[in-house]
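So the mapping is simple: the numbering used here equals the position in the sequence shown, first residue as 1, plus 99. Below: one structure, written as structure tokens.
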Amino acid sequence: MHKFRFTVPARMSAAACVLALFCALVQAQTPPAGAPPPAPALQSGSAASLNDTLLAKATSLYDSTAKSGLHGFDCQVHPDWDKIMISVKKGAPEAADEAKVALLSTVKITLHARLNGSSTLDWHPPESTDKPLDPAATSMLDKAHQGIASMLVGVLKLWTPLVDGSVAESLGEDDMNIVQTGDGYTLRSKDKRYQLTEEFDRDLLLKHYIAVDSGSTVDIVPTFRLSTRGLLLQSFVARIQPQVAPPQAAHEMHIDLEYQTISAIQIPARITVEVPNVVGMDFALDGCSVNPASN
100 MHKFRFTVPA
110 RMSAAACVLA
120 LFCALVQAQT
130 PPAGAPPPAP
140 ALQSGSAASL
150 NDTLLAKATS
160 LYDSTAKSGL
170 HGFDCQVHPD
180 WDKIMISVKK
190 GAPEAADEAK
200 VALLSTVKIT
210 LHARLNGSST
220 LDWHPPESTD
230 KPLDPAATSM
240 LDKAHQGIAS
250 MLVGVLKLWT
260 PLVDGSVAES
270 LGEDDMNIVQ
280 TGDGYTLRSK
290 DKRYQLTEEF
300 DRDLLLKHYI
310 AVDSGSTVDI
320 VPTFRLSTRG
330 LLLQSFVARI
340 QPQVAPPQAA
350 HEMHIDLEYQ
360 TISAIQIPAR
370 ITVEVPNVVG
380 MDFALDGCSV
390 NPASN
């Protein structure tokens, strides 16, 4: 089973999310007149043969970094500091805020994205020997560094399993239950630590998944678009619920993605993150290079 750990900013608590193989076969049936066609029925046969059939079908449907051979990428990051400041302040920035935006805009930020979960962020404020930064400015830059790094690295850990081919990976577990619904399939599985529920429509499109561990629940609704290699993740909504906290303590993250092509490989060109009633962030990525070998 493919697993990953996602550590969100402190205000959101920790979460974990896994993707795994769903198992279903396509067999056309004639629907009643006026009713939507039901999902193709599950066929009989060995679990191995069902898995093999689905793997071939799902692999052909989804774009993935596995197809392109991507293991990571490096980009310069340009946050929209004005948007961040306005969303935090809930209004137009004041003169002091404009000075902060001006200082933040001088920071050189480099993202080292790694699909194995070891992504990092380089943060290089301007150096000035003539007029060193005062403690307040230094503290502000440190807090911004922590927030941007936590957000970008966290979003990448959610993005990666939805684009790395995990949706077409063999679960490798016997503890799996597949239920056919009127318009698709529901897969439930678990191991010693995780419980996973995945919902797919009748065309094997991933519509919804919920992953639970001992610390929190991650409930994600993805949206895909058609690319030259298949279905590519375009956006997703993630709801993160700490296990020991009331429902009102949950946080939602709305992520939208635009892509760019580098050496025939699609990687993010813009990442937009909205945490309702908390912050809105927009990151442009340029000057990118891709890593065809893990490092």
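Each residue gets a CB set at the ideal place from its N, CA and C atoms; glycine is no exception. As the structure is a computational prediction, the values presented were derived from the model and not from experiment.
(message) According to DSSP, simplified to helix, strand and coil, what is L210?
(response) strand
(request) May I ask which residues mark the beginning and end of the alpha helix (DSSP H) holding P260? (result) Unbroken alpha helix (DSSP H) run through P260: 234-262.
(message) T164 and G253 - do their beta-carbons sit closer together than 8 angstroms?
(response) Contact flag unset, no.
(request) State the start and end residues of the unbroken alpha helix (DSSP H) segment that holds D196. (result) 194-203
(message) Out of L214, E297, G281, which one is the CA nearest neighbour of S288?
(response) E297
(request) Under the assumption that G281 contacts L214 (Cβ atoms under 8 angstroms), give the Cβ distance between them as a whole number of angstroms. (result) That belief does not hold up - the Cβ atoms of G281 and L214 are roughly 36 angstroms apart, past 8 angstroms.
(message) For V336, which residues in the same chain have their Cβ closer than 6 angstroms to its Cβ, ignoring the five residues on either side in sequence?
(response) V320, H353
(message) Going by DSSP in three states, M191 sits in which element: helix, strand or coil?
(response) The amino acid occupying residue 191 in the given sequence is Ala; Met does not appear at that position. Three-state DSSP puts A191 in coil, outside helix and strand.
(message) Bridge partners for Q342 per DSSP, in chain order?
(response) Q342 is not bridged to any residue.
(message) Run through the DSSP bridge pairs and tell me what N390 is partnered with.
(response) Its beta-bridge partners are G171.
(request) Mind reading off the beta-carbon distance from L332 to W258? Whole number of angstroms is fine, and I expect it under 8 angstroms. (result) The pair is a contact, with the Cβ atoms about 7 angstroms apart (cut-off 8 angstroms).
(request) Please determine if the segment 338-357 and the segment 368-386 are in contact, where contact requires at least 3 C-beta pairs separated by less than 8 angstroms. (result) yes
(request) Would you tell me roughly how many angstroms separate the C-alpha atoms of P260 and S388, rounded to the nearest one? (result) 21 angstroms
(request) In the DSSP assignment, find the unbroken beta strand (DSSP E) run with S288 in it and report its ends. (result) 283-289
(request) Can you tell me which of T322, G314, D302 puts its alpha carbon nearest to the alpha carbon of Y308? (result) Shortest Cα-Cα distance from Y308 to any of T322, G314, D302 involves T322.
(message) Residues in the same chain with beta-carbon distance under 8 angstroms from I208, minus the five sequence neighbours each way, listed in chain order, please.
(response) Q175, V176, H177, P178, L220, D221, W222, H223, I247, listed in sequence order.
(message) Which residue marks the beginning of the beta strand (DSSP E) containing L305, and which one marks its end?
(response) Per DSSP, the unbroken beta strand (DSSP E) holding L305 starts and ends at 305-311.
(message) Between which residues of its own chain and L384 is the CB-CB distance below 8 angstroms, once the five residues before and five after are set aside?
(response) C174, Q175, V176, H177, L210, Q359, I366, P367, A368, R369, I370
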